[in-house]
Each structure stands twice: as structure tokens, then as C-alpha cells.
Amino acid sequence: MSDKLPFLIVVTGPTASGKTGLAIALAKHFNTVVLSADSRQFYQGMAIGTAQPTAEELASVKHYFINDRSVEAPLNAGSYADEALALLEKLFLEHRVVIVCGGTGLYIRALIDGLDAFPTIPAHFREELMKELAANGIEALVDELHGKDPSYASQVDLNNPHRMVRALEVIRATGKPYSSYLKNDKSKRNFTAIQVAIDLDRSELYDKINRRVDVMLEMGLEEEVGLLKNHFHLNALQTVGYKEWPAYFAGTIDLNQLVEEIKQHSRNYAKRQITWFKRDERVHWTKGADVNQALLLCTEIMKGNE
């Protein structure tokens, strides 16, 4: 192994943009492996709704952090980074290049930059927020977050009650924006990160998202979600493609409404992902999931670091 730092190529971008295919193509080129940085693909029983790589794709290239833990064993961004860094230390003994694939910006940031330690928050802040959530719904919490931390509100899933409560408990307890605790000082890493994001025309991206949702239903998403009905309270299920189903099972919305909600929430999520990655000047954008363009970009950066 050279004394030069190895390379971590991060393939990212919005949902349904073609990250998996591009990551696998790059992994084959560099004869290496892929680590997922999708915060929901970790979990078992969620293969369809999280668009986990297919059995054929998993067989073509070795993957990590895919379908490897129970929904009852949550993995937050900091713990993911700890596990991934320990794994990378071993993988870089065999590979000069390792691929990371996923669109969960906070998990990618934790891996390549580290995260600040958040202050300990007294339990009564969360308890009060949970009471407010139950009494008034999530909209009031969203309004408060917009008022107190517009920066974080622009990038977080505003339909996720766990995220709303977490951000507001920190804000109320400290008097500081939640976003101020997101790390600005970069942690030293024993690799050089190259971030490649897939850029698609917005109408093309939305069409891909809509078609993907239809395919998920055809593949048996309803049956998959049905097996997880007892876990709707868990954070792993508070995500697009799963959080919409309780209303359907309760009979308050029909199938057409359900499908439209999933599509709309998926498009909203894609917009937030784009906003997140556009803010990082280190991210290099490729037009579509163009393997040749991504390879050229990566090899040029790698040569510049040799």
C-alpha cells in the first residue's frame, strides 16, 4: 500500500437518480466494494420501499450496510460513521479506492467530516414537545422550526415528527439553532473523499420518482409494509414510502391518495437532498448517471492528489 491516502468515492444525489447503478459501475472499474450511506437501506424487511440493490446487483459487487440489521436496532449518523470508519480501516488495506453510495446527507457528512457533539437535553423538553405533537399535530412544530432555524428547516424532512422534536428540543433547551451544532470544523480522515452527485433535469427526476413508486407497488410494497405494521412507531419507519401507510390501513385515505402522497413526499425529499448537496462546494455534479463522466472526474482528482 502506498503512503498516499486512499480514496473514498461518494456517489450521491437525489432519490431515484441512478446512484446504485453508477456506484456499482465505479466499483467494478476499481475492483472494489460499496458501502451504503442510505439511512433506511440498513434495515431488514424494507427492501422494496427503500430501493435496496437487487440480489443480482448485490451479487455483482460486495456491499456493506445493506439489509444488515433489525428496524429495532436504529443506527444514527454518528454511530454509522463510527462503524463505517472502522470498516474502512480494514478495507483500505486491500483497496486503494472504496465506494460509498447514498443520499442521506447527514450520514455522509458524519462519515467524511464528523459531527459535533450535541448537548445533553433534559427529558422534560422532549416530553413537552411530544404532548404538543399529540395535541396540535406536526404543523405547529414545523412553523416553530421555520421561525427559529430556517436553515435546518430548508433541508430536513418536515413530515418527520422525530426530526421536528429532536431539533426543537435542542433549540428550546439551548436557545441556539439546531443547525449551529452541525459540524463546521472538519475532522481529520485517513482518506481523500471525492463526492460525485448525479444531476438530472427536474422533470426527468420527478418522472423517475413517480415511476419508481408505481414499480414498488407492483413489486409488493403493500405486503412489505403490512409485515411492519407493528413497528410504525419506530424511527426507521418514519420515512417516505412507509409513514403514509397508517392512514391507508385506518381507512382515512384510499389507494390513489396513498400513492399520490408517497410520490409527492418523494419529490419533496428529492428537492431537500438537492438543496443539501448544492450547499457543499466539494460536491462535483455529473449530468445524469454518466459512468464515463464520473470516471473522468474521479481519475483527474486522484491524479491531482498523487
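For any residue, its number in my numbering is found by taking its place in the sequence shown, counting from 1, and adding 43.
Just so it is clear, CB atoms sit at the ideal spot from N, CA and C, and this is done for glycine as well.
Since the structure is predicted, the reported quantities are computational estimates derived from the model, not experimental observations.
- When I237, G121, G190, L158 are compared, the shortest CA-CA separation from V140 is found for I237.
- By the criterion of at least three beta-carbon pairs nearer than 8 Å, the segment 237–255 is not in contact with the segment 168–178.
- I67 is the residue among I67, F275, H72, D125 whose C-alpha sits nearest the C-alpha of H106.
- Judged by their CB atoms, L48 and T235 are nearer to each other than the 7 Å cut-off.
- In this structure, the straight-line span from the alpha carbon of I155 to that of T342 is close to 19 Å.
- DSSP, read as helix, strand or coil, puts D81 in coil.
- Nearest to L51 by alpha-carbon distance, out of N335, L134, T93, is L134.
- For A240, the three-state secondary structure derived from DSSP is strand.
- For the set F73, M89, T75, T93, the Cα lying nearest the Cα of T58 is the one of T93.
- Counting C-beta atoms within 10 angstroms of its own C-beta, V54 has 16 or more neighbours from the protein chains shown and is therefore classed as buried.
- Secondary structure note for V256: its alpha helix (DSSP H) is the uninterrupted segment 245–262.
- Under DSSP, K330 forms a beta bridge with D242.
- T55: member of the beta strand (DSSP E) spanning 50–55, first to last residue.
- In this structure the segment 141–161 does not touch the segment 179–193; the number of beta carbon pairs closer than 8 Å is below three.
- Residue environment: R83 is assigned as buried (16 or more neighbouring CB atoms within 10 Å of its CB, all protein chains considered).
- Note on R310: 16 or more other CB atoms within 10 angstroms of its CB, so buried under the neighbour-count rule.
- 7 Å or more divides the Cβ of D81 from the Cβ of G148.
- Contiguous beta strand (DSSP E) elements confined to the segment 164–243 occur at 235–242, taking only those with 3 or more residues.
- If you draw a straight line from the Cα of N299 to the Cα of F292, it comes to about 13 Å.
- Counting of Cβ neighbours within 10 angstroms places H205 among the exposed residues, the total staying below 16.
- Annotation for V143: the continuous beta strand (DSSP E) segment containing it runs 140–144.
- Under the three-state reduction of DSSP output, R310 falls in the helix class.
- Bridge pairing for H106: V77 [DSSP].
- In this structure, DSSP gives R112 an extended state, which the three-state scheme calls strand.
- One thing to note: Y86 has its Cβ within 7 Å of the Cβ of A279.
- Secondary structure at Y285: coil, using DSSP grouped into helix, strand and coil.
- Sorting S197, L277, F73 by C-alpha distance to the C-alpha of K314 places S197 at the top.
- Taking a 10 Å sphere around the C-beta of K174, we find fewer than 16 other C-beta atoms and assign the residue as exposed.
- In terms of CA proximity to D323, K229 leads the group K229, T63, E349, A102.
- Note that the C-beta distance between K306 and V256 is below 7 Å.
- Secondary-structure assignment with DSSP links Y86 through a beta bridge to R112.
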